[in-house]
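J.: To start, I am sharing the structure in question, which I have written as structure tokens.
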Amino acid sequence: MTMLTPRTPTKLAPPGRGRRERKAAELEAATRLAGERLAAISARPAVRVLQDADTSRCGLTHAEAVRRLERHGPNTVAQERTPLWTTQLAKAFCNPFIGVLVLLAAVMFWQDPADPGVVILSVMVAVSGLLRFWQEYRSGRAADALKKLVTTTCAVQRRAGSGSAPTTVEVPMDRVVPGDLVKLAAGDLIPADLRLITSKDLMVGQAALSGESLPVPKADTRTEDLGQDATTDPVEADNLCLMGTSVTSGTATGVVVATGADTWFGSMAGTLVGERPQTNFDTGVRKVSFLLIRFMLVMVPVVFMVNGLTKGDWNEAFLFGIAVAVGLTPEMLPMVVSANLARGAVAMSRRKVVVKRLNAIQNLGAMDVLCTDKTGTLTEDRIVLDRYLDVHGAEDGEVLEYGYLNAHFQTGLKNLMDQAVIDRVNEAEEVVVDARFSMVDEIPFDFARRRMSVVLNRNGTAGKAGRPEHIMITKGAVEEVLALCTHMTDHGEEVGLTGELRLRATRIAEEHNRQGLRVLAVATRTVAEPRDTYTVADEDGLTLVGFLAFLDPPKASAAAALRGLADKGIAVKVVTGDNELVAARVCADVGIEVGHVVPGSEVDALDDTALRALAARTTVFAKANPVQKARIVRALQAEGHTVGFLGDGINDAAALRDADVGISVDTAVDIAKESADIILLEKDLTVLEQGVVQGRTTFGNTIKYIKMTASSNFGNVFSVLVASAFIPFQPMLAIMLLVQNLVYDISQLATPWDRMDEEYLRKPRNWDAKGIFRFMVSIGPISSVFDIAMFVIMWHVFAANTAAEQSLFQSGWFIEGLLSQTLIVHMIRTRKIPFVQSRASWPVMVMTVLAVLTGLWLPFSPLAPALGFTALPASYFPWLVGVLLAYCTLTQLVKTWYVRRFGTWL
5 MTMLTPRTPT KLAPPGRGRR ERKAAELEAA TRLAGERLAA ISARPAVRVL
55 QDADTSRCGL THAEAVRRLE RHGPNTVAQE RTPLWTTQLA KAFCNPFIGV
105 LVLLAAVMFW QDPADPGVVI LSVMVAVSGL LRFWQEYRSG RAADALKKLV
155 TTTCAVQRRA GSGSAPTTVE VPMDRVVPGD LVKLAAGDLI PADLRLITSK
205 DLMVGQAALS GESLPVPKAD TRTEDLGQDA TTDPVEADNL CLMGTSVTSG
255 TATGVVVATG ADTWFGSMAG TLVGERPQTN FDTGVRKVSF LLIRFMLVMV
305 PVVFMVNGLT KGDWNEAFLF GIAVAVGLTP EMLPMVVSAN LARGAVAMSR
355 RKVVVKRLNA IQNLGAMDVL CTDKTGTLTE DRIVLDRYLD VHGAEDGEVL
405 EYGYLNAHFQ TGLKNLMDQA VIDRVNEAEE VVVDARFSMV DEIPFDFARR
455 RMSVVLNRNG TAGKAGRPEH IMITKGAVEE VLALCTHMTD HGEEVGLTGE
505 LRLRATRIAE EHNRQGLRVL AVATRTVAEP RDTYTVADED GLTLVGFLAF
555 LDPPKASAAA ALRGLADKGI AVKVVTGDNE LVAARVCADV GIEVGHVVPG
605 SEVDALDDTA LRALAARTTV FAKANPVQKA RIVRALQAEG HTVGFLGDGI
655 NDAAALRDAD VGISVDTAVD IAKESADIIL LEKDLTVLEQ GVVQGRTTFG
705 NTIKYIKMTA SSNFGNVFSV LVASAFIPFQ PMLAIMLLVQ NLVYDISQLA
755 TPWDRMDEEY LRKPRNWDAK GIFRFMVSIG PISSVFDIAM FVIMWHVFAA
805 NTAAEQSLFQ SGWFIEGLLS QTLIVHMIRT RKIPFVQSRA SWPVMVMTVL
855 AVLTGLWLPF SPLAPALGFT ALPASYFPWL VGVLLAYCTL TQLVKTWYVR
905 RFGTWL
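Take any residue in the sequence shown, count from 1 to its spot, add 4: that is its number in the working numbering.
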């Protein structure tokens, strides 16, 4: 027995390459092998295919089906399962800053188990990790709930035994095996890769695999089937029906030639599970994290050595160094990032967007290129009758009437174009038509003739000798109908169809085809000898009436949504499996500058370097297969773009996974939803635009915290170095540093609820480690200037210049340091003048007030002795106000210079 479905190897890529490149090579190799195998099967005669599958037109026996199920396994494809909650919980704590905090807490515990800093750091770590875990766990459950199985069974022809008659039984899809004969009818999901044995009027929707919006005809094999010419693309093969597609009309029987991972669909799915590639967010966070950690590893030893050498107390210097390490570490960063992303996810859920992976929110804000399919995103994903034209290309209601009569009276299953014609006619006209005509006979559609005809009786109208008057109305492919026409209707009169007029009519149809429309011809004939039955031979001597032109219309909101994305700095590129003409027409209708439409075959001919240049200048890609779509995404990423991909088909899964942010819809196939980071409950670019704004707000608030904290911490450490070198005692106790840090960090918990300036939201935003370092060293030392000013004031004005008065010195610097840190938030959060041109949200204002009041209260509180504070004299506070006003003024001046110099702020 020759089996048709040897297992495809899962690891086909050459070694020694990057993980993403290996995955891409595996996908390409797997789909190529599956395609070659299916193409060979398509080219064989049906009899040979049945022999190779060791089956017959009667189907398998039940016993043989069980044996094959054991041999080949269930008919399922690889799926990315939602990880266990324990795995999700562990991953939520995988963060470099969390590692630093855990290390610091361990050192502090080793030094002093009763140190309150241990509890503070532990709480920060726990809240940050649990917040991220809960949001992603909840989003994962919501995404799982969106999975809707279209059907669970299919009709298979099997026998009880070798001598028994075949019967059609319903079996679960996962129990279909190679060699099974599957019966297909309208509405069926095709359960495996099938080679058609017989078919009648079969139309298959392949949008999930190819991106084509219209159903495609499959081979009408009622005569001897000798196979077809070899094709390199199994999706294009007329006699193959592939897993994941569906029947829109007609009936067929096919033999299963591949199941599960060996199907065309399965060859793609198997390479799309496992660890996901690094995204823009992952790379950015890692760079920023290690920048700050490196800075801490440099500064802490310096502070430790300076304190140890100047004070002589190395144990105290060690404790102070640990406190500085905590102060330098933006320990709230994991919590603030998690809170920002979680709040963004909640806000997006209200806009009908499910966020599966929290990091995708920031990637959405950073996105500067969106690759999208055409069907259902730019178009309405339905077929409508756009035009009804006479032979000169002018609109003619008579053409619509004849087209409606043909569609309305046919008794077979109406296809999408028939329904579109019917939908164009209102109910009142339908009643009139039903009264004027009655059905006599029909000549059904078949793929050889590519047309169908109805014969109607004109009610109340008598022909010659008082006999009824019959009219034949034929609708079908332009070339097929034109070949049967001898006359045409010209402004209401019937004239002979000369060669010149025939050519002119053909050109009109071709012109509309080039505009991306599907064109059918309509012709009539008044029957001279009425009778009860008619045959194909009667479809002759027809009169051409005109043409019907169909399309998948652009969404009314698409053009406005595209303009909105452009205003946000996002370039939209259409990457579709549909043909070049249709893609160009739709894109032009919604305002996309089309230029040269690049077919997928052209992508295959280019190496990666050439494709990068082509992808950068091309707006529309057509006839793109899954491998080509993923290559286009990677080419754009290689040019430095943050790429989003919006798709809902099987053919989109690889690109969704490779993109920085994969976006799908709740009606998408399961593999697309599994590969996506974000799921839209409405396939609408307007919803996506709102998500982009939320993503940028989330990122803005995150980077705001990082820059504020990093610059403030840098200034504090610089001040500590100066004080340690020139002051004979600790400028601030370690416990004071921890309390100051804690109060400041708690005040920053409101950051996720802050608003961003409109100007900030207009452009894509990305991580910039160099920019953060530049900001830190430019803005941080400003606080040191006024810290040193406060040192001088405390030393000379308040005589806090001895070890006996060190508590007064430390209390004075504590309040100034905390208030300057807290108030400077309002200076840094906007490039505008704070409180005048831009105000923070009320949660930020409230937390600022609480932090200031806490700082002022602590030296006078019952906690003061335990923390080492001393009550400050009233004369201290005018000096404090003066220092803070001077600090804010200088910061605003430096901010103005910084923006002019570097063209950016946050």
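A virtual CB, placed ideally from N, CA and C, is assigned to each residue, including glycine.
For residue 851, collect the residues of the same chain with a Cβ closer than 8 Å to its Cβ; drop the 5 residues on either side in sequence, then sort them by chain order.
T.: Hits under 8 Å: 750, 751, 752, 753, 754.
J.: Just confirm the distance between the C-beta atoms of residue 489 and residue 546, as a whole number of angstroms; I'd bet it's less than 8 Å.
T.: Between residue 546 and residue 489 the Cβ distance is about 5 Å, and since that is below 8 Å, they are a contact.
J.: What span of residues does the beta strand (DSSP E) with residue 577 cover, start to end?
T.: Taken as a continuous stretch (DSSP letters only), the beta strand (DSSP E) holding residue 577 covers 575 to 579.
J.: Report yes if the CB atom of residue 214 is closer than 8 Å to the CB atom of residue 256, and no otherwise.
T.: No, the Cβ-Cβ distance between residue 214 and residue 256 is not below 8 Å.
J.: Based on DSSP bridge pairs, tell me the residues matched to residue 163.
T.: DSSP lists 65 as partners of residue 163.
J.: Using 8 Å as the threshold, is the stretch 779 to 792 in touch with the stretch 867 to 882, meaning 3 or more CB pairs across them?
T.: Verdict: no, contact absent.
J.: The alpha helix (DSSP H) that contains residue 52, what's its start and end?
T.: From DSSP, the alpha helix (DSSP H) with residue 52 extends over 50 to 56.
J.: State the beta-bridge partners of residue 479 as determined by DSSP.
T.: DSSP, once it has assigned bridges, lists 456, 526 as partnering residue 479.
J.: Report yes if the C-beta of residue 819 is less than 7 Å from at least one heavy atom of the ligand SAH; otherwise report no.
T.: Among the components of this structure there are no ligands whatsoever, and the ligand SAH is therefore not found.
J.: Which whole-angstrom value describes the C-beta separation of residue 459 and residue 446, a residue pair presumed to lie in contact below a C-beta threshold of 8 Å?
T.: With 8 Å as the limit, residue 459 and residue 446 qualify as a contact, their Cβ atoms being about 7 Å apart.
J.: Confirm, please, whether the CB-CB distance from residue 441 to residue 462 is below 8 Å.
T.: Going by C-beta atoms, residue 462 is nearer than 8 Å to residue 441.
J.: Return the CA-CA distance between residue 911 and residue 345, expressed in angstroms with no decimal places.
T.: Beyond the ends of the chain as shown, which are 5 and 910, falls residue 911; an answer cannot be given.
J.: So, at 7 Å on beta carbons, what are the nonlocal neighbours of residue 519 in its own chain, with the 5 sequence-adjacent residues on each side left out?
T.: Excluding positions up to five away in sequence, the list reads 589.
J.: Compare the C-alpha of residue 180 against each of 205, 165, 197, 168 and name the closest.
T.: Considering only alpha carbons, the answer is 197.
J.: In terms of residue numbering, what span does the alpha helix (DSSP H) encompassing residue 777 cover?
T.: Looking at the DSSP string, the run of the alpha helix (DSSP H) that includes residue 777 is 773 to 796.
J.: Going by beta carbon distance, what residues of the same chain come within less than 7 Å of residue 703, once the five residues before and after it are set aside?
T.: If we look at residue 703 and ignore the five residues flanking it on each side, its Cβ neighbours are 366, 369, 370, 769.
J.: Quick one, which of 373, 811, 609, 816 has its alpha-carbon nearest residue 796's?
T.: Out of 373, 811, 609, 816, 816 has the C-alpha closest to the C-alpha of residue 796.
J.: Just to confirm the assignment, what range does the alpha helix (DSSP H) spanning residue 704 have?
T.: Segment 689 to 730, the alpha helix (DSSP H) holding residue 704.
J.: Kindly indicate which three-state DSSP category residue 150 falls into: helix, strand or coil?
T.: Any reading at residue 150 must be qualified, since the residue scores a pLDDT of 45, below 50, and its modelled position is unreliable; the value itself is stated next. Reduced to three states, the DSSP call for residue 150 is coil.
J.: If you reduce the DSSP assignment to three classes, tell me which class residue 648 lands in.
T.: Here residue 648 sits in strand by DSSP.
J.: Which term fits residue 378, buried or exposed, when burial requires 16 or more other beta carbons within 10 angstroms of its beta carbon?
T.: The residue is buried, with at least 16 neighbouring Cβ atoms inside 10 Å.
J.: Compare the C-alpha of residue 840 against each of 785, 896, 859 and name the closest.
T.: For the residues 785, 896, 859, the minimum Cα distance to residue 840 belongs to 896.
J.: Measuring CB atoms only, is the stretch 398 to 417 touching the stretch 568 to 580, in the sense that at least three cross pairs come out at less than 8 Å?
T.: These segments do not touch.
J.: What does the alpha-carbon distance come out to for the pair residue 614 and residue 580?
T.: Those two C-alpha atoms are separated by around 20 Å.
J.: Residue 744 to residue 818, Cα distance in whole Å?
T.: Approximately 7 Å, taken between the alpha carbons.
J.: For residue 360 versus residue 681, is the C-beta distance shorter than 8 Å?
T.: Closer than 8 Å, so yes.
J.: In terms of residue numbering, what span does the beta strand (DSSP E) encompassing residue 498 cover?
T.: Residues 497 to 500.
J.: Any idea what DSSP makes of residue 97, helix, strand or coil?
T.: Residue state, collapsed to three classes: coil.
J.: Report the three-state DSSP secondary structure of residue 419 (helix, strand or coil).
T.: Three-state result, residue 419: coil.
J.: Report the CB separation of residue 530 from residue 475 in whole angstroms; it is logged as a contact under 8 Å.
T.: Yes, residue 530 and residue 475 are in contact; Cβ-Cβ is about 5 Å, under 8 Å.
J.: I need the straight-line Cα distance from residue 290 to residue 757, nearest angstrom please.
T.: Whole-angstrom Cα-Cα distance: 24 Å.
J.: In angstroms with no decimal places, state the Cα-to-Cα distance between residue 500 and residue 492.
T.: One C-alpha to the other measures close to 6 Å.
J.: In whole angstroms, what separates the C-alpha of residue 893 from that of residue 836?
T.: Going by the C-alpha atoms only, they are around 13 Å apart.
J.: From what residue to what residue does the alpha helix (DSSP H) around residue 514 run?
T.: 503 to 518 is the extent of the alpha helix (DSSP H) around residue 514.
J.: Answer yes or no: do residue 708 and residue 522 have a C-beta to C-beta separation smaller than 8 Å?
T.: Not a contact, by the Cβ cut-off of 8 Å.
J.: Give a yes or no on whether the C-beta atoms belonging to residue 639 and residue 616 are separated by under 8 Å.
T.: Yes, the pair counts as a contact, with Cβ atoms nearer than the cut-off.
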